[in-house]
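Number of protein chains: 2
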Amino acid sequence: MKFRRSERLVDMTNFLLDHPGQLISLTFFSDKYSSAKSSISEDLTIIKETFEQRGIGTLQTIPGAAGGVKYIVDIKEEEARQFIEELCSVMSSPDRLLPGGYLYMNDILGRPQMVNKIGRIIAASYANKKVDVIMTMATKGIPLAYSVANHLNVPVVIVRRDNKVTEGPTVSINYVSGSSKRIQTMVLSKRSLATGSNVLIVDDFMKAGGTLKGMVSLLEEFDATVSGIAVLVESENTEERLVDDYLSLLKLADIDEKDRKIHVTFGNYFSS
Amino acid sequence: MKFRRSERLVDMTNFLLDHPGQLISLTFFSDKYSSAKSSISEDLTIIKETFEQRGIGTLQTIPGAAGGVKYIVDIKEEEARQFIEELCSVMSSPDRLLPGGYLYMNDILGRPQMVNKIGRIIAASYANKKVDVIMTMATKGIPLAYSVANHLNVPVVIVRRDNKVTEGPTVSINYVSGSSKRIQTMVLSKRSLATGSNVLIVDDFMKAGGTLKGMVSLLEEFDATVSGIAVLVESENTEERLVDDYLSLLKLADIDEKDRKIHVTFGNYFSS
Chain X
1320 MKFRRSERLV DMTNFLLDHP GQLISLTFFS DKYSSAKSSI SEDLTIIKET
1370 FEQRGIGTLQ TIPGAAGGVK YIVDIKEEEA RQFIEELCSV MSSPDRLLPG
1420 GYLYMNDILG RPQMVNKIGR IIAASYANKK VDVIMTMATK GIPLAYSVAN
1470 HLNVPVVIVR RDNKVTEGPT VSINYVSGSS KRIQTMVLSK RSLATGSNVL
1520 IVDDFMKAGG TLKGMVSLLE EFDATVSGIA VLVESENTEE RLVDDYLSLL
1570 KLADIDEKDR KIHVTFGNYF SS
Chain P
1320 MKFRRSERLV DMTNFLLDHP GQLISLTFFS DKYSSAKSSI SEDLTIIKET
1370 FEQRGIGTLQ TIPGAAGGVK YIVDIKEEEA RQFIEELCSV MSSPDRLLPG
1420 GYLYMNDILG RPQMVNKIGR IIAASYANKK VDVIMTMATK GIPLAYSVAN
1470 HLNVPVVIVR RDNKVTEGPT VSINYVSGSS KRIQTMVLSK RSLATGSNVL
1520 IVDDFMKAGG TLKGMVSLLE EFDATVSGIA VLVESENTEE RLVDDYLSLL
1570 KLADIDEKDR KIHVTFGNYF SS
């Protein structure tokens, strides 16, 4: 069956979006659509231009016999800025205030389109870095971690506080929680992470950074390299930050529990 | 700026895939691309035909002034069957065997493309039913629940075994675990679920179904309606099933711990 250009454009767009970061050979497409490679090349030029113009991402072309094309996720700065501004205002609603200076975020982290966009913004920052796997802590970080992983097309590993039978053999470490100063344990299934991996740590919230520092220590046990640390919200209200190099989309600048006022600003995303 | 048809097709495909189940008016597209509605209509016909031919889904057209077009996810039976067959063979690998007849599935549930496809298969079964929200139990069910939610464009709520400060006020129930016969507790943040919602329950694994039955009871406290129950794997090795009406992609038919043999077959997906 032969395909018209219009049908190819629709199907190729779907296919590329479904396989981010994956090298697809021109032969694959030319077989899939029974079309000449020259036509496929022209299709890809149209897709690349549209993706770039609309801020969807880009197509990287790798020449040669082993070459092909790779969709890389991106977002326009303007679009990211507008979305983060919107998030700031949603997050500043006084009903979010919970005892202890925590914020209720389940509704935001429960909406797939929100989570997808947050994930896309984070993924765009690491799309050209070496990332083999995304790591997060159960349970709040999981949706964000999967969203970033989706856009980068890499697997997710989940660190837990307790040992479950379904994990198989595990590696565990003790760490000091930054805010409560208590000794806690974190556990990672041994076979979930290959030795020497490049790992991007993703989490929803960072107070002092004790949990994140714990994850960095845990990664040392796997001889892994930290590709980066990215959080949705950092809380400014801490004496000492336990990790230095991180990306944050939002900053919880101030909470006034008495007057029920929450002040949320931009994180370091646009300044880092 | 005016758009050529080829550019519109690429951008509209991306937009529709990004907004499943959402009604988009023709005016929206005609403004977005500064194009006549008649051209947009023709574009949508091409996209609809390609989506249906390639088993990506379909476009539903709602006529009239308040009308528009809606992308509905789908999958070809052939593609689903092939994928589930592949899953059966991946799941039957003897290294997955854990003490107590559990299977190691972290690697499968950690791969976004796998999880996406499982989610798409489940979502396709419920795309024409009333589903306002996806519910799952922390933590193993979370990735699957988000994938289904992504394809249906509805929020996710997460039931927990313990009460955390970040949940705000909660509703909790006690239930009897089907396999261990122990009394356990499950907790859901009160404001995460609106009264009277239609809820699709999604989980990774069902043994006797005690946890799922617990979730159904919990939903009664929210006057919610159960739209369905969908699991990746059901285990056949149980005397009594505590829930009747469910969808399963895989069935763990038999585990021979001595000879380290796992027998995984199709669930009821193609027979129900």
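Chains X and P are the protein sequences, given in the same order.
Following the numbering used here, the numbering of the first sequence begins with 1320 at its first residue and continues without gaps.
Following the numbering used here, the numbering of the second sequence begins with 1320 at its first residue and continues without gaps.
All C-beta atoms, glycine included, are put in the ideal place defined by N, C-alpha and C.
Reduced DSSP category for residue i - H, G, I as helix; E, B as strand; rest coil
i, result
"P:Met1433", "helix"
"P:Lys1554", "Note on residue identity: the sequence assigns Ser, not Lys, to residue 1554 of chain P. Reduced to three states, the DSSP call for P:Ser1554 is strand."
"X:His1338", "coil"
"X:Phe1589", "coil"
"X:Leu1571", "strand"
"P:Ile1440", "helix"
"P:Phe1541", "coil"
"P:Phe1402", "helix"
"P:Asn1447", "coil"
"X:Lys1367", "helix"
"P:Met1424", "coil"
"X:Tyr1352", "coil"
"X:Val1389", "Per the sequence shown, residue 1389 of chain X should be read as Lys rather than Val. If DSSP states are grouped into helix, strand and coil, X:Lys1389 belongs with the strands."
"X:Arg1564", "The residue you asked about is not Arg; residue 1564 of chain X is Asp in the sequence shown. Coil."
"P:Thr1455", "strand"
"X:Gly1529", "helix"
"X:Ala1468", "helix"
"P:Val1518", "strand"
"X:Phe1322", "coil"
"X:Ser1536", "helix"
"P:Ser1546", "strand"
Proximal residues to residue i (C-beta, below 8 Å), its chain only, five neighbours per side dropped
i, result
"X:Asp1542", "Thr1514 and Gly1515"
"X:Leu1569", "Ile1403, Leu1406, Cys1407, Met1410, Leu1551, Val1552, Glu1553, Val1583, Thr1584, Phe1585 and Gly1586"
"X:Asp1523", "Met1424, Leu1428, Lys1459, Gly1460, Leu1463, Val1550, Leu1551 and Val1552"
Rounded straight-line distance, which links the Cα of residue j to that of residue i
i, j, result
"P:Tyr1400", "X:Val1495", "Here residue 1400 of chain P is Arg; the residue named in the question, Tyr, does not match the sequence. Going by the C-alpha atoms only, they are around 48 Å apart."
"X:Asp1362", "P:Lys1367", "19 Å"
"X:Ile1343", "P:Glu1396", "25 Å"
"P:Gly1529", "X:Ser1444", "43 Å"
"P:Lys1509", "P:Ser1466", "23 Å"
"X:Gly1434", "X:Ala1355", "Per the sequence shown, residue 1434 of chain X should be read as Val rather than Gly. Looking at the two C-alpha atoms, the distance is approximately 39 Å."
"X:Thr1544", "P:Leu1531", "39 Å"
"X:Ser1353", "X:Phe1347", "10 Å"
"P:Glu1559", "P:Asn1333", "46 Å"
"X:Asp1337", "P:Ser1325", "20 Å"
"P:Arg1479", "P:Thr1455", "9 Å"
"P:Leu1345", "X:Arg1327", "23 Å"
"X:Thr1380", "X:Phe1370", "14 Å"
"X:Ser1349", "X:Ile1365", "16 Å"
"X:Asp1426", "P:Asn1556", "37 Å"
"P:Val1475", "P:Ala1457", "12 Å"
"P:Leu1571", "P:Val1552", "7 Å"
"P:Val1506", "P:Ser1358", "51 Å"
"P:Asn1482", "X:Asn1482", "19 Å"
"X:Asp1563", "X:Ser1546", "13 Å"
"P:Ile1437", "X:Ser1499", "40 Å"
"P:Val1452", "X:Ala1464", "21 Å"
"P:Gly1386", "P:Ser1360", "13 Å"
"P:Leu1512", "P:Pro1339", "21 Å"
Cβ shell of residue i (< 7 Å), same chain only, five flanking positions each side left out
i, result
"P:Ala1384", "none"
"P:Gln1341", "Lys1389 and Asn1472"
"P:Gly1374", "Asp1393, Ile1394, Lys1395 and Glu1398"
"P:Leu1538", "Val1518 and Val1545"
Residues that DSSP places opposite residue i in a beta bridge
i, result
"X:Ser1508", "X:Thr1489"
"P:Arg1479", "P:Val1506"
"P:Ala1582", "Note that residue 1582 of chain P is His in the sequence shown here, rather than Ala. Answer is P:Asp1573, bridged to P:His1582."
"P:Tyr1494", "P:Gln1503"
"P:Leu1378", "P:Tyr1390"
"P:Ile1359", "The partner list for P:Ile1359 (beta bridge, DSSP) is empty, contrary to what the question assumes."
"X:Leu1416", "X:Leu1422"
"X:Ile1461", "The partner list for X:Ile1461 (beta bridge, DSSP) is empty, contrary to what the question assumes."
"P:Phe1524", "P:Val1552"
Sequence-distant residues of its chain with Cβ nearer than 6 Å to residue i (five each side left out)
i, result
"P:Pro1462", "Leu1428 and Val1434"
"X:Asn1587", "Ser1567"
"P:Ile1441", "Val1467 and Ala1549"
"X:Asn1493", "Ile1502 and Thr1504"
"X:Leu1561", "Gly1497, Ala1527, Gly1528, Gly1529 and Lys1532"
"X:Ile1574", "Gly1420 and Ile1581"
"P:Pro1413", "Arg1579"
Check: residue i C-beta below 7 Å from any heavy atom of the ligand NAP
i, result
"P:Ser1567", "Summarising the ligand content, the structure contains no ligands, and the ligand NAP is consequently not present."
Check: Touching or not, the segment 1484-1495 of chain X and the segment 1410-1423 of chain X, by the rule of three or more beta carbon pairs under 8 Å?
Finding: no
Item checked: Three-pair Cβ contact test at 8 Å for the segment 1437-1452 of chain P versus the segment 1402-1410 of chain X -> no
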